[in-house]
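What follows is a set of notes on a single structure, which appears directly below.
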Amino acid sequence: MYDFVIIGGGILGLATAYRLLQERPGSSLVLIDKEQRLAHHQTGHNSGVIHAGVYYTPGSVKAKLCKQGAERTVLLCEEHGIKYERCGKLIVATDAGEVSRLRGLEERVIANGLDYENISSQQLREIEPNVAGEAAMLVHATGIVNYTDICNAMAGVIREAGGEIHLGTALTGIRESDTEIVMESDKGEFIARTLIVCAGLQGDRIAMMAGIDIDFRVLPFRGEYYKIAAARGELVKHLIYPVPDPSLPFLGVHLTRMIDGSLTVGPNAMLSLGRETYSSNFPVPGDMADMMSFPGFYKLMARFASAGLYEMRGSLSKRVYLERCRKYCPSLKLEDLEPMEAGIRAQSVSSDGELVDDFLFLETSRSLHCCNAPSPAATSALPIADEIVSRALRKAN
Ligand SMILES: Cc1cc2nc3c(=O)[nH]c(=O)nc-3n(C[C@H](O)[C@H](O)[C@H](O)COP(=O)(O)OP(=O)(O)OC[C@H]3O[C@@H](n4cnc5c(N)ncnc54)[C@H](O)[C@@H]3O)c2cc1C
Numbered sequence: 017m018y019d020f021v022i023i024g025g026g027i028l029g030l031a032t033a034y035r036l037l038q039e040r041p042g043s044s045l046v047l048i049d050k051e052q053r054l055a056h057h058q059t060g061h062n063s064g065v066i067h068a069g070v071y072y073t074p075g076s077v078k079a080k081l082c083k084q085g086a087e088r089t090v091l092l093c094e095e096h097g098i099k100y101e102r103c104g105k106l107i108v109a110t111d112a113g114e115v116s117r118l119r120g121l122e123e124r125v126i127a128n129g130l131d132y133e134n135i136s137s138q139q140l141r142e143i144e145p146n147v148a149g150e151a152a153m154l155v156h157a158t159g160i161v162n163y164t165d166i167c168n169a170m171a172g173v174i175r176e177a178g179g180e181i182h183l184g185t186a187l188t189g190i191r192e193s194d195t196e197i198v199m200e201s202d203k204g205e206f207i208a209r210t211l212i213v214c215a216g217l218q219g220d221r222i223a224m225m226a227g228i229d230i231d232f233r234v235l236p237f238r239g240e241y242y243k244i245a246a247a248r249g250e251l252v253k254h255l256i257y258p259v260p261d262p263s264l265p266f267l268g269v270h271l272t273r274m275i276d277g278s279l280t281v282g283p284n285a286m287l288s289l290g291r292e293t294y295s296s297n298f299p300v301p302g303d304m305a306d307m308m309s310f311p312g313f314y315k316l317m318a319r320f321a322s323a324g325l326y327e328m329r330g331s332l333s334k335r336v337y338l339e340r341c342r343k344y345c346p347s348l349k350l351e352d353l354e355p356m357e358a359g360i361r362a363q364s365v366s367s368d369g370e371l372v373d374d375f376l377f378l379e380t381s382r383s384l385h386c387c388n389a390p391s392p393a394a395t396s397a398l399p400i401a402d403e404i405v406s407r408a409l410r411k412a413n
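Sequential numbering from 17 applies to the sequence shown in my numbering.
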């Protein structure tokens, strides 16, 4: 019998295993993932941004964990020789309305204790000649990394500490008794004292598998990107973000320098017709049926009808997508945008049709499920893992 079984080889499952073995060295632990490689889903399909914590309500758990997470991510990179860069992020306001929203954001940045500079239109032209705006804010602490590299480094430490990692192993059933919890998989059974689940896009299904009565579902939101042609790779030095539109739930498409030297623009936020369909938005019958039988889906669609149409227009037309980027980067051309695989966000939605904003933990006597870990959860992975570990150890004691 294992002390702990962890489901999920994304950054949260791995960070949890990594921290558990630091807190309780010698514990017997196995991490399983259905895919053949680590970080196959959200973690390996994200923007690779180490967020500084600009947007989150001052004093909130999200704000606190993001700031701590960004610092600890950088320390982890230094400890394991993982390439990262603190390139800074420019939030660019392109009209008077956005300038006033940028001022609102500045209050948040101050309250969240971040180092920043206000940038005039003239200064913006000097530091980023290809970017245009009425005003901007430069947030110094924002950085970039490849989160798959972080996962691989943590996996190395887990194995060295005696933890097992079984890839290509899908959890198919859970049986719990007073004395143990049994995980059925396509590769046989795993028996443990405590189960921890960090299954991202499948989190609601696994919670139901454990017999938990849930009142939310994970809805998948595609984040569609374009790769910027290599010839334009020197277009920007910083990450370039629009001022977020308060009527839209996500941050807006941004120009992101990746740590491998490439440049991307995205992601948008389109409802996905499958949970794991990265190359095209082709409907998956089982995923569609789950979505359509959930009342919260219709309430969400009604609430965000105009935002949904806005996203759909940008998804269907490359020209519309381009126009949104040209607002702050006017020299971009259609031929600069090259195809790139999308990412898919696991976003929990309540039966009232509300987007769940915070982390969502559910429990049985022997299992703990992390059911909502939206962005910036890759940045905040280590402090989120601390929270999971302290809950799991309380359960195990
Ligand atoms: C487009 C996009 C851009 C983003 N950009 C950023 C960013 O720049 N910065 C940032 O901080 N955050 C970002 N995020 C958010 C961040 O990537 C996620 O919050 C984070 O990766 C979640 O990690 P996870 O481990 O919970 O999930 P995942 O990485 O999805 O891992 C879950 C794992 O569970 C496994 N699994 C599921 N079901 C089973 C089963 N039955 N049996 C076995 N294994 C199973 C899956 O195979 C998967 O590997 C972004 C997300 C997306 C999608």
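Glycine included, every Cβ here is placed at the ideal spot set by N, Cα and C.
- The straight-line gap separating the alpha-carbon atoms of G178 and A226 is approximately 27 Å.
- Secondary structure at N284: coil, using DSSP grouped into helix, strand and coil.
- S201 and A186 have their C-alpha atoms some 5 Å from each other.
- The alpha-carbon separation between P299 and G290 amounts to approximately 6 Å.
- 8 Å or more divides the Cβ of I212 from the Cβ of F375.
- The C-beta distance from D352 to A208 rounds to 51 Å, too long to fall under 8 Å, and the pair is not in contact.
- DSSP places R175 within a helical segment (H, G or I) once states are collapsed to three.
- If you look at Q84, you'll find it in the alpha helix (DSSP H) that goes V77 to H96.
- Counting C-beta pairs with one atom in each stretch, the segment 381–395 and the segment 188–198 have three or more that are closer than 8 Å, which means they touch.
- Counting along the chain, no alpha helix (DSSP H) covers S396, and no H or E run does either.
- With contacts defined by Cβ atoms closer than 8 Å, E114 and V259 form a contacting pair.
- Contact annotation: L255 and H270 have beta-carbon atoms nearer than 8 Å.
- In terms of Cβ geometry, M153 and N128 do not form a close pair [threshold 8 Å].
- Between the segment 52–64 and the segment 73–93, the count of Cβ pairs shorter than 8 Å is below three; the stretches do not touch.
- With fewer than 16 neighbouring CB atoms inside 10 Å of its own CB, S193 falls in the exposed class.
- Between the segment 404–413 and the segment 84–101 there are fewer than three C-beta pairs closer than 8 Å, too few to call the two in contact.
- Nearest to S367 by alpha-carbon distance, out of S44, T188 and K315, is K315.
- When only Cα atoms are considered, L235 and I174 end up about 31 Å apart.
- Between the alpha carbons of R319 and L332 lies a distance of about 21 Å.
- Among the bridge pairs identified by DSSP, L45 is matched with F20.
- When beta bridges are read from the DSSP output, V198 appears opposite R191 and I207.
- Separation of the CB atoms of I160 and R273 is rounded to 6 Å, and the pair is thereby assigned contact status at 8 Å.
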